[in-house]
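Residue numbers (my numbering), protein chains in the order written: chain A, 322 to 476; chain B, 563 to 864. All C-beta atoms, glycine included, are put in the ideal place defined by N, C-alpha and C. Only one structure is covered here, and it is reproduced in the block below.
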Amino acid sequence: MKSTNDPKQLLVSAIETGTVIDHIPASTLFKVIKILGLDRIRNQITFGTNLDSRTDGKKAIIKIAGKFFEDDDINRIALVAPNAKLNIIKDYQVIEKRVVSVPDTITAIAKCMNPKCITNFEKVTTRFRVVSKKPVALKCHYCEKITDQERLEII
Amino acid sequence: MKTRSLVSIDDLNTAEIMKILKLAAEFEKNPVQDILHGKVVATLFFEPSTRTRLSFESAVNKLGGKVIGFTDASSSSVSKGETLNDTIRTVNNYADMIVMRHPIEGSARYASEIATVPVINAGDGANQHPTQTLLDLYSILKTQGSLDHLNICMVGDLKYGRTVHSLLMAMSRWSTSFNFVAPEELKMPDEYKLYLDNLGLEYHETADLASVIDNADIIYMTRVQRERFSDPMEYEKVKNAYVLYDHMLSGTKPGMKILHPLPRVNEINPDVDANDKAYYFEQALNGVYTRQAIICTLLGLK
Numbered sequence: 322m323k324s325t326n327d328p329k330q331l332l333v334s335a336i337e338t339g340t341v342i343d344h345i346p347a348s349t350l351f352k353v354i355k356i357l358g359l360d361r362i363r364n365q366i367t368f369g370t371n372l373d374s375r376t377d378g379k380k381a382i383i384k385i386a387g388k389f390f391e392d393d394d395i396n397r398i399a400l401v402a403p404n405a406k407l408n409i410i411k412d413y414q415v416i417e418k419r420v421v422s423v424p425d426t427i428t429a430i431a432k433c434m435n436p437k438c439i440t441n442f443e444k445v446t447t448r449f450r451v452v453s454k455k456p457v458a459l460k461c462h463y464c465e466k467i468t469d470q471e472r473l474e475i476i
Numbered sequence: 563m564k565t566r567s568l569v570s571i572d573d574l575n576t577a578e579i580m581k582i583l584k585l586a587a588e589f590e591k592n593p594v595q596d597i598l599h600g601k602v603v604a605t606l607f608f609e610p611s612t613r614t615r616l617s618f619e620s621a622v623n624k625l626g627g628k629v630i631g632f633t634d635a636s637s638s639s640v641s642k643g644e645t646l647n648d649t650i651r652t653v654n655n656y657a658d659m660i661v662m663r664h665p666i667e668g669s670a671r672y673a674s675e676i677a678t679v680p681v682i683n684a685g686d687g688a689n690q691h692p693t694q695t696l697l698d699l700y701s702i703l704k705t706q707g708s709l710d711h712l713n714i715c716m717v718g719d720l721k722y723g724r725t726v727h728s729l730l731m732a733m734s735r736w737s738t739s740f741n742f743v744a745p746e747e748l749k750m751p752d753e754y755k756l757y758l759d760n761l762g763l764e765y766h767e768t769a770d771l772a773s774v775i776d777n778a779d780i781i782y783m784t785r786v787q788r789e790r791f792s793d794p795m796e797y798e799k800v801k802n803a804y805v806l807y808d809h810m811l812s813g814t815k816p817g818m819k820i821l822h823p824l825p826r827v828n829e830i831n832p833d834v835d836a837n838d839k840a841y842y843f844e845q846a847l848n849g850v851y852t853r854q855a856i857i858c859t860l861l862g863l864k
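Structure below.
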């Protein structure tokens, strides 16, 4: 995709309609892709990673043409990209900016840190209640143990 | 009830707890009834437990029901590699209720989501054992006349003890004050103290049992296990500091009772058994009435 603008402009304005997700930590880009199921959809997607950011060190950005997200869907990435910002694009214009927030429940994303939890023994979809949003602390629906930010692993 | 299963004490609200305790008192007066005639209760014990299993089986038998099941995983198809999912789906076809003990934490919640019959958690690893908590509450209510404004002195292994954690959470619904008596290595975890702080409930920690037992309405004893100590010398130093002897009870309140989830090893000297304040064997008997009440409540028969 070519643009007459400078390369910095190209990153955020090159789609006509769709969503740009900015300020993703470079280290979690592929987790974001997986959580949102972007590896399974047919929309045009471009992403960049290890980009310099004034605020986040190295960041990543994803542009998805023709795709808009419900809050419930997009909030699923809050665990791995808490500072992500969404730009909703129509006619090359940013018509709305959104931020993500950690939802009250987390399903099928995180791994329970308790090695004795049933979710680590059988094929059970993990479920957590969010007991703290910052820093993140998740209470397992099954073993009732707390998984905190430090021990958080994404499936 | 939110569900017809009992996995965690938090599945019950206070009114439901009180209803079960009231029903337990009715079963105590009249323990042999034909309420479970034609019903089959499966007791799946993936790890051995004498007391809990026999207590459940006694409860079912006294109510005219039948019991099927196994007493350890090696005598079940689990030893052939069957998943818990498959075991529960299968047994679900044979029984009207499943009572399960399993070493994996969260297994009971999982089983309750698979089964279409009620599941009672009889212990899932270090997580929950709600029928023990209910029988403890029943014992406290019965001996003290109320669950309000009591002082509970918890002694021994307060770090790993599942029963003390559940009892603490349950008793925090009433205005309870606590004394925690434990060696440094086995102190009550911060998350429970924080929980009490948030509720504004009073508690004190000490390593000196004699200094607090005179205030207690209930002394809840637990076993201090050697294997919990990283340093065997530490165990040797403290092992006798948390033992209750009859002579220590002279200044305690007249209505005070001593509870213990059992089995005990040496933490209550046998000379206490003859004291009126010793209540642990009656507590075990209360387990039968409480479980009768739980089973009938979950099956909607009372």
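Does B/Y672 have its Cβ less than 8 angstroms from a Cβ in chain A?
-> As a first step, residue 672 of chain B must be located in the second sequence, where it is residue number 110. By this cut-off, B/Y672 is an interface position.
Check each candidate in A/N441, A/E443, A/I430 and A/T440 and name the one with the smallest Cα separation from A/I489.
-> Outside the shown range of chain A, which is 322 to 476, sits residue 489 of chain A, and nothing can be said about it.
A/V457: buried (16+ other C-beta within 10 angstroms of its C-beta) or exposed?
-> Taking the first sequence and counting its residues from 1, one reaches residue 457 of chain A at position 136. Looking at its Cβ environment, which holds 16 or more other Cβ atoms inside 10 Å, A/V457 is buried.
Cβ shell of B/H822 (< 8 angstroms), same chain only, five flanking positions each side left out | Here residue 822 of chain B corresponds to residue number 260 of the second sequence, with the count starting at 1. Excluding positions up to five away in sequence, the list reads Y782, M783, T784, E829, I830, Y842 and Q845.
Count the other CB atoms, across all protein chains shown, that sit within 10 Å of the CB of B/L863; report buried if there are 16 or more and exposed otherwise.
-> Here residue 863 of chain B corresponds to residue number 301 of the second sequence, with the count starting at 1. With fewer than 16 other Cβ atoms within 10 Å, it is exposed.
Residues within the stretch 613-636 of chain B neighbouring chain A, beta-carbon criterion of under 9 angstroms | Cβ contacts with chain A: none found.
Rounded separation between A/H344 and B/L712 - CA only | Within the first sequence, numbered from 1, the residue matching residue 344 of chain A stands at position 23. Within the second sequence, numbered from 1, the residue matching residue 712 of chain B stands at position 150. In this structure, the straight-line span from the alpha carbon of A/H344 to that of B/L712 is close to 54 angstroms.
Tell me, please, whether the CB atom of B/I666 is closer than 8 angstroms to any CB atom in chain A?
-> By 1-based counting over the second sequence, the position of residue 666 of chain B is 104. B/I666 belongs to the set of residues whose beta carbon lies under 8 angstroms from a beta carbon in chain A.
Taking buried to mean at least 16 other C-beta atoms within 10 Å of its own C-beta, is B/I630 buried or exposed?
-> What you label residue 630 of chain B is simply residue 68 of the second sequence in a count that begins at 1. Exposed is the call here.
Of all the beta strand (DSSP E) runs that stay within the bounds of the stretch 329-413 of chain A, which reach a length of 3 or more residues?
-> The qualifying runs are 339-346, 366-374, 378-386 and 406-411.
Is it buried or exposed for B/Y656, if we count other Cβ within 10 angstroms and need 16 for buried?
-> Here residue 656 of chain B refers to the residue found at position 94 of the second sequence. Exposed, because fewer than 16 other Cβ atoms sit within 10 Å of the Cβ of B/Y656.
Does DSSP put B/H822 in a helix, a strand or coil?
-> What you label residue 822 of chain B is simply residue 260 of the second sequence in a count that begins at 1. DSSP places B/H822 in coil when its eight states are reduced to three.
Which bits of chain A does B/S669 rub up against, with CB to CB less than 7 angstroms?
-> Translated into the one-based positions of the second sequence, residue 669 of chain B becomes position 107. I439, listed in chain order.
Could you tell me whether the Cβ of B/G643 comes closer than 8 angstroms to any Cβ of chain A?
-> What you label residue 643 of chain B is simply residue 81 of the second sequence in a count that begins at 1. Interface criterion not met: the Cβ of B/G643 is under 8 angstroms from no Cβ in chain A.
Grab me the residues of B/A621's own chain with a C-beta within less than 7 angstroms of its C-beta, minus the 5 sequence neighbours each way, in chain order.
-> Counted from its first residue, the second sequence places residue 621 of chain B at position 59. Cβ within range, chain order: V850, R853, Q854 and I857.
Which stretch, first to last residue, makes up the alpha helix (DSSP H) that contains B/V743?
-> For this step, residue 743 of chain B is matched to residue 181 along the second sequence. Unbroken run through B/V743 is the beta strand (DSSP E), S739 to V743; no alpha helix (DSSP H).
If you count every other CB in all the chains shown that lies within 10 Å of the CB of A/I416, and 16 or more means buried, which is it?
-> Taking the first residue of the first sequence as position 1, residue 416 of chain A is located at position 95. By the Cβ neighbour-count rule, A/I416 is exposed, with fewer than 16 other Cβ atoms within 10 Å of its own.
Contact list for the stretch 347-367 of chain A against chain B, Cβ threshold 8 angstroms = Listed by position along the chain: nothing, the set is empty.
Contact set for B/R724: own chain, Cβ-Cβ below 6 angstroms, skip 5 residues either direction = By one-based count along the second sequence, residue 724 of chain B stands at place 162. Its chain contains A688 and H691 as the residues whose beta carbon lies nearer than 6 angstroms to that of B/R724, once the 5 sequence neighbours on both sides are disregarded; these appear in chain order.
Three or more beta-carbon pairs under 8 angstroms between the stretch 434-449 of chain A and the stretch 365-377 of chain A, yes or no?
-> No, because fewer than three Cβ pairs between the stretch 434-449 of chain A and the stretch 365-377 of chain A fall closer than 8 angstroms, the two stretches do not touch.
Assuming B/F608 contacts B/R663 (C-beta within less than 8 angstroms), just tell me the rounded distance between them.
-> Numbered from its first residue, the second sequence carries residue 608 of chain B at position 46. Numbered from its first residue, the second sequence carries residue 663 of chain B at position 101. Their Cβ separation, rounded to whole angstroms, is 6 angstroms, which keeps B/F608 and B/R663 in contact under 8 angstroms.
Could you name the residues that DSSP lists as bridge partners for B/Y765?
-> Taking the first residue of the second sequence as 1, we reach residue 765 of chain B at position 203. Beta-bridge pairing links B/Y765 to B/F740.
For chain B, is any of its Cβ atoms less than 8 angstroms away from the one on A/E471?
-> For the purposes of this step, residue 471 of chain A is taken as residue 150 along the first sequence, with counting starting at 1. It does not; no Cβ of chain B falls within 8 angstroms.
Around the C-beta of B/G627, are 16 or more other C-beta atoms found within 10 angstroms, so that it is buried, or is it exposed?
-> The residue you call residue 627 of chain B lines up with position 65 of the second sequence. Flag for B/G627 reads buried.
Below 7 angstroms CB to CB, which residues in the same chain sit around A/R472 once its five sequence neighbours on both sides are set aside?
-> Counting from one through the first sequence, the residue named residue 472 of chain A turns up at place 151. Same-chain partners within the cutoff: M434.
DSSP state of B/R671 mapped onto helix, strand, coil | Stepping through the second sequence from its first residue, residue 671 of chain B is reached at position 109. In the three-state reduction of the DSSP assignment, B/R671 falls in the helix class.
Write down the C-beta distance between A/C464 and B/E675 rounded to the nearest angstrom, noting that I regard them as a contact closer than 8 angstroms.
-> In the first sequence, counting from the first residue as 1, residue 464 of chain A sits at position 143. In the second sequence, counting from the first residue as 1, residue 675 of chain B sits at position 113. Not quite, the Cβ-Cβ distance comes to about 14 angstroms (not below 8 angstroms), so this is no contact.
Which listed residue (B/V786, B/V800 and B/S773) has its alpha carbon closest to that of B/G813 = Within the second sequence, residue 813 of chain B is the residue found at index 251, counting from 1. Checking every option, the nearest Cα to that of B/G813 belongs to B/S773.
Over what stretch of residues does the beta strand (DSSP E) that includes B/G698 continue unbroken?
-> Sequence index remark: in the second sequence, residue 698 of chain B carries index 136 (1-based). The sequence as given places Asp at residue 698 of chain B; Gly does not occur at that position. Careful: B/D698 lies outside any beta strand (DSSP E), inside the alpha helix (DSSP H) at P692 to Q706.
When burial is assigned at 16 or more other CB atoms within 10 Å of the CB, is B/R613 buried or exposed?
-> As a first step, residue 613 of chain B is located in the second sequence; it is residue number 51 there, counting from the start. Exposed, since its Cβ has fewer than 16 Cβ neighbours within 10 Å.
Applying the criterion that 16 or more other CB atoms from any shown protein chain within 10 Å of the CB defines a buried residue, is A/I336 buried or exposed?
-> If you number the first sequence from 1, residue 336 of chain A lands on position 15. A residue is called buried when at least 16 other Cβ atoms come within 10 angstroms of its Cβ; A/I336 meets this threshold and is buried.
Enumerate in chain order the residues of its own chain whose CB-to-CB distance from B/A604 is below 6 angstroms, with the five nearest sequence positions on each side excluded.
-> Taking the second sequence and counting its residues from 1, the one referred to as residue 604 of chain B is at position 42. Excluding sequence neighbours, B/A604 sits near I630, G631, V653, A657 and I660.
Proximal residues of chain A, C-beta to C-beta of B/G707 below 7 angstroms = To locate residue 707 of chain B, count along the second sequence from 1; it is residue 145. B/G707 does not reach chain A, its nearest Cβ partner there being about 32 angstroms away, counting only Cβ pairs nearer than 7 angstroms.
Compute the Euclidean distance between the alpha carbons of B/T791 and B/E747, then round it to the nearest angstrom.
-> Against the second sequence, residue 791 of chain B aligns to sequence position 229. Against the second sequence, residue 747 of chain B aligns to sequence position 185. Residue 791 of chain B is actually Phe in this sequence, not Thr. Straight-line Cα distance between these residues: approximately 7 angstroms.
If we ignore side chains and look at the alpha-carbon of each, how far apart do B/Y754 and B/N647 end up?
-> Numbered from 1 along the second sequence, position 192 holds the residue referred to as residue 754 of chain B. Numbered from 1 along the second sequence, position 85 holds the residue referred to as residue 647 of chain B. Each residue's Cα considered, the two are about 32 angstroms apart.
Can you check whether the CB of A/A386 is closer than 8 angstroms to the CB of A/V421?
-> For the purposes of this step, residue 421 of chain A is taken as the residue at position 100 of the first sequence. For the purposes of this step, residue 386 of chain A is taken as the residue at position 65 of the first sequence. Not a contact, by the Cβ cut-off of 8 angstroms.
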